[in-house]
Structure formats: structure tokens, C-alpha cells
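Colleague:
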Amino acid sequence: MRNNYDYSNILKKKLIKLFKKDKQLYFSLIKKIDEVISCENINHYKNLRNPLQDYKRVHVGSFVLIFLIKNNVILFYDFDHHDNIYK
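Quick note on the working numbering: the sequence shown kicks off at 276 and runs consecutively.
1) Helix, strand or coil, according to DSSP, for Lys362 in the structure here?
2) Spell out the partners DSSP gives Arg332 in its beta bridges.
3) I'd like to know if the segment 317–326 and the segment 279–291 are in contact, where contact means that at least 3 CB-CB pairs between them fall below 8 angstroms.
4) Do Tyr282 and Phe351 come within 8 angstroms of each other at the CB atom, strictly closer than that value?
5) Between which residues of its own chain and His371 is the CB-CB distance below 6 angstroms, once the five residues before and five after are set aside?
Right under this line is the structure:
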């Protein structure tokens, strides 16, 4: 089953930069996004703590993709290195 999804403006800009700078990481991220979209049970992804308690996360190497599920739509919000994403 494929879920409805969208990208935040923040993530769209990062995807464009990532495609130009690191194609391997870009394609790994796209593969992970596709995995999340096609997942039957989206609730098995890890929830974040306060103040990001509405978001979930998934790792792509040492990077983290955070996303939000709202009204049955997955909003992919941000992608950054593990050390920077939670700040």
C-alpha cells in the first residue's frame, strides 16, 4: 500500500543540493523515502521526544530523516546529520 506524501520546502531545497553534491546519499535517501511510503505499518518508526513529539525518524547512514503523519499524509520534513538534526 502506498501512502499519500509531500515534502516540506526545507527538504525540497536540501534534496536539490544533495543531488548536486552527493548522488549516492541522495539515492539512498530516495530509497528510504520510498520504503516509508510503501510501509504497511507506519507506526513502527521511532517517535521523537519533546519538543518534536509529533515527528518520527528514520536513519540513512549517519543522517536522519524526520517526518510527520497528519491527516493520513506523510510530510517529509527535514534531513540532516545526526549531530545537527535535533538542534
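By construction, the Cβ of each residue, glycine as well, lies at the ideal position given by its N, Cα and C atoms. All values derive from a computational prediction rather than experimental measurement.
Modeller: Short version:
1) Locating residue 362 in the sequence shown gives position 87, where the first residue counts as 1. Note: Lys362 maps to coil in three-state DSSP.
2) Looking up residue 332 in the sequence shown gives position 57. Lys321, Ile341, per the DSSP bridge assignment.
3) no
4) Sequence index remark: in the sequence shown, residue 351 carries index 76 (1-based). Sequence index remark: in the sequence shown, residue 282 carries index 7 (1-based). Cβ atoms of Phe351 and Tyr282: closer than 8 angstroms.
5) Coverage of the chain is limited to positions 276 through 362, which leaves residue 371 absent and any answer about it impossible.
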